[in-house]
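Reading through the structure tokens given below for one structure.
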Amino acid sequence: MLIQENISLKLYNTFGIDVTARHFVSVSTIDDLKQILSLKEYPNKLVLGGGSNMLLTRDFDGLVIHINLKGIEIISEDENAVIVKAHAGENWHEFVLWCINNDFGGIENLSLIPGNVGTAPIQNIGAYGVELKDTFNSCEALAIETKLLQSFYKSDCNFGYRNSVFKQEAKGQFIITSVNFKLSRNFHSLNINYGAINSQLELMQVSNPTIQDISKAVISIRESKLPNPKEIGNSGSFFKNPVISKTHFNTLLENFKDIPSYPISEDQVKVPAGWLIEKVGFKGKRFDDYGVHKNQALVLVNYGNAKGNDILNLSKLIQKTVERIFGIFIEAEVNIL
Ligand code: EPU
Numbered sequence: 003m004l005i006q007e008n009i010s011l012k013l014y015n016t017f018g019i020d021v022t023a024r025h026f027v028s029v030s031t032i033d034d035l036k037q038i039l040s041l042k043e044y045p046n047k048l049v050l051g052g053g054s055n056m057l058l059t060r061d062f063d064g065l066v067i068h069i070n071l072k073g074i075e076i077i078s079e080d081e082n083a084v085i086v087k088a089h090a091g092e093n094w095h096e097f098v099l100w101c102i103n104n105d106f107g108g109i110e111n112l113s114l115i116p117g118n119v120g121t122a123p124i125q126n127i128g129a130y131g132v133e134l135k136d137t138f139n140s141c142e143a144l145a146i147e148t149k150l151l152q153s154f155y156k157s158d159c160n161f162g163y164r165n166s167v168f169k170q171e172a173k174g175q176f177i178i179t180s181v182n183f184k185l186s187r188n189f190h191s192l193n194i195n196y197g198a199i200n201s202q203l204e205l206m207q208v209s210n211p212t213i214q215d216i217s218k219a220v221i222s223i224r225e226s227k228l229p230n231p232k233e234i235g236n237s238g239s240f241f242k243n244p245v246i247s248k249t250h251f252n253t254l255l256e257n258f259k260d261i262p263s264y265p266i267s268e269d270q271v272k273v274p275a276g277w278l279i280e281k282v283g284f285k286g287k288r289f290d291d292y293g294v295h296k297n298q299a300l301v302l303v304n305y306g307n308a309k310g311n312d313i314l315n316l317s318k319l320i321q322k323t324v325e326r327i328f329g330i331f332i333e334a335e336v337n338i339l
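Residues in the sequence shown are numbered from 3 upward in steps of one, following our numbering.
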């Protein structure tokens with residue numbers, strides 16, 4: 003294992019922010035990971051997966067551990083289902099494509115989400131009517147304190163909207179090393195109810211879709227709305243969609259007749275943050291090298307050499323403005339360092 007000094011993290015975060023790690027190591031085995039975690043000379047450590055949910059605002063004066071554990075294996079299978087284990091450092095979308103090529107169903111709606119397999123459970127990634135938790139079977143995670151591997155089953159994970167035990171009680175205590183998914187084979191139950199998928203399938207003239215068609219439809223929708231991080235730095239949705247009371251919503255309806263909402267419970271609704279941000283005028287706004295994406299107001303972008311703090315300050319301005327106009331606080335989904 004090579005511990006490097008003064009390494010730029012630009013290629014290790016999808017925002018493409020150029021900050022420096024004092025020390026950097028890439029680990030490809032669990033034994034190496036245990037050994038690195040035991041090193042007393044680096045008390046300050048930061049674990050990086052795909053870097054797709056992180057805004058870096060400063061140089062890191064410690065050791066960045068890049069998780070590069072690779073491999074995909076079939077653990078068990080029967081006529082209708084298969085358990086597939088994917089190691090944490092596998093790229094999420096490449097894993098989705100591997101499943102689709104093998105005709106294993108369940109994660110096709112999650113095509114083209116940036117990031118790695120190991121970080122996907124932390125925020126329970128979701129898109130187009132499907133969340134990671136729907137196919138999650140279990141994961142293995144290394145306890146940072148004891149260096150012991152521990153299994154987490156679905157019931158241990160408290161999955162919620164962009165949330166899990168790994169963002170709450172267990173935050174910062176574990177490194178996920180692999181995830182087991184339960185996927186369908188032979189008979190797939192498809193999720194095409196999300197409006198945009200249906201219309202995209204129609205456009206593709208597909209009336210009897212396969213999981214391959216759904217993946218293609220999702221890829222087209224995402225490519226039309228969301229910037230490719232390889233071309234324009236971004237971290238997907240910067241904010242979560244807020245949940246507000248129906249009473250609050252009804253008051254807003256008086257002034258904003260077209261405000262969209264999705265029912266959550268008898269007295270709560272979810273409102274798309276993208277709509278709120280667009281309504282207060284930030285969609286497509288560019289300031290120097292950073293701004294708000296022109297096709298999806300939830301996404302903040304780095305056009306080249308933006309500083310993490312520029313983007314952080316813009317996010318605060320957006321939060322303040324949305325709160326002032328609508329009385330709604332929109333929480334950041336992205337982790338800030
Ligand atoms: N909208 C606007 N203006 C915008 C964006 C959205 O008015 O600029 C409104 C529209 O009314 C639209 C509604 O918001 O009908 C919903 O928009 P969209 O279908 O694009 O979904 P979203 O709620 O904005 C969420 C996820 C995305 C995911 C999509 C599709 C969150 C925070 N974001 O966005 O996830 O791809 O649904 O399922 O829940 C991500 O997490 O990085 C991400 C991209």
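Beta carbons: idealized from backbone N, C-alpha and C, even for Gly.
No experiment lies behind these values; they were computed from the predicted model shown.
- Span separating the alpha-carbon of residue 336 from that of residue 236: 10 Å
- Message: Let me check you understand the geometry: is the CB of residue 274 closer than 6 Å to at least one non-hydrogen atom of ligand 1?
- Response: yes
- Query: Which same chain residues, not among the five before or five after residue 296, have their C-beta less than 8 Å away from its C-beta?
  - Reply: Excluding the 5 residues flanking it on each side, residue 296 has same chain C-beta neighbours closer than 8 Å at 285, 286, in chain order.
- Can you list, in chain order, the residues of its chain whose CB lies under 8 Å from that of residue 58, leaving out five sequence neighbours each side? Within the same chain, 11, 15, 17, 19, 21, 310, 339 come within 8 Å of residue 58 by CB-CB distance, once the 5 residues on both sides are set aside.
- Taking the alpha-carbon positions, what's the residue 29 to residue 123 distance? 20 Å
- Task: Go ahead and pull the three-state DSSP assignment for residue 328.
- Result: helix
- When every heavy atom of ligand 1 is checked, does at least one fall within less than 6 Å of the C-beta of residue 264? no
- Query: Skipping 5 residues on each side, what residues in its chain have a beta carbon closer than 8 Å to that of residue 279?
  - Reply: 241, 285, 294, 299, 300, 320, 324, 332
- Item | residue 242 Cβ short of 6 Å to ligand 1 heavy atom set | yes
- Message: So, with DSSP's three-state summary, where would you put residue 168?
- Response: Helix.
- Task: Return the CA-CA distance between residue 312 and residue 306, expressed in angstroms with no decimal places.
- Result: 12 Å
- Task: From the DSSP output, in three-state form, read off residue 113 for me.
- Result: DSSP places residue 113 in coil when its eight states are reduced to three.
- Which term fits residue 262, buried or exposed, when burial requires 16 or more other beta carbons within 10 angstroms of its beta carbon? exposed
- Message: Going by DSSP in three states, residue 238 sits in which element: helix, strand or coil?
- Response: strand
- Taking only the alpha-carbon atoms, compute the straight-line gap between residue 109 and residue 32 and give it to the nearest angstrom. If I take the Cα positions, the gap works out to 26 Å.
- Would a C-beta distance cut-off of 7 Å place residue 92 and residue 119 closer than the cut-off? yes
- Kindly examine ligand 1 and report whether one of its heavy atoms sits closer than 6 Å to the Cβ of residue 280. yes
- Query: Does DSSP put residue 52 in a helix, a strand or coil?
  - Reply: coil
- Item | Burial state of residue 8 (16 or more Cβ within 10 Å) | exposed
- Say the cut is 6 Å; is the CB of residue 94 nearer than that to a heavy atom of ligand 1? No, Cβ of residue 94 sits at least 6 Å from all heavy atoms of ligand 1.
- Per-residue DSSP class, three states only, for residue 40: helix
- At least 3 beta-carbon pairs within less than 8 Å: the region 144-154 vs the region 164-180: yes
- With 16 other CB atoms within 10 Å as the buried threshold, where does residue 224 fall? buried
- Is the Cβ-Cβ distance between residue 243 and residue 272 less than 7 Å? yes
- Task: Mind checking which residues open and close the beta strand (DSSP E) that includes residue 195?
- Result: Counting along the chain, residue 195 falls outside any beta strand (DSSP E), and DSSP gives it neither H nor E.
- Inter-residue Cα distance where the pair is residue 255 and residue 45: Each residue's alpha carbon lies about 52 Å from the other.
- Task: Pull up the CB-CB distance for residue 68 and residue 26, whole angstroms please, since I reckon it's below 8 Å.
- Result: At roughly 7 Å, the Cβ-Cβ gap stays under 8 Å, so residue 68 and residue 26 are in contact.
- Query: In whole angstroms, what separates the C-alpha of residue 203 from that of residue 64?
  - Reply: 48 Å
- Message: Comparing C-alpha positions only, which one of 117, 76, 211, 47 sits nearest to residue 195?
- Response: The candidate whose alpha carbon is nearest that of residue 195 is 211.
- Euclidean distance between Cα positions of residue 314 and residue 326: 18 Å
- Query: With distances taken between CB atoms, is the gap from residue 229 to residue 303 smaller than 7 Å?
  - Reply: yes
- What are the boundary residues of the alpha helix (DSSP H) that residue 215 is part of? 213-227
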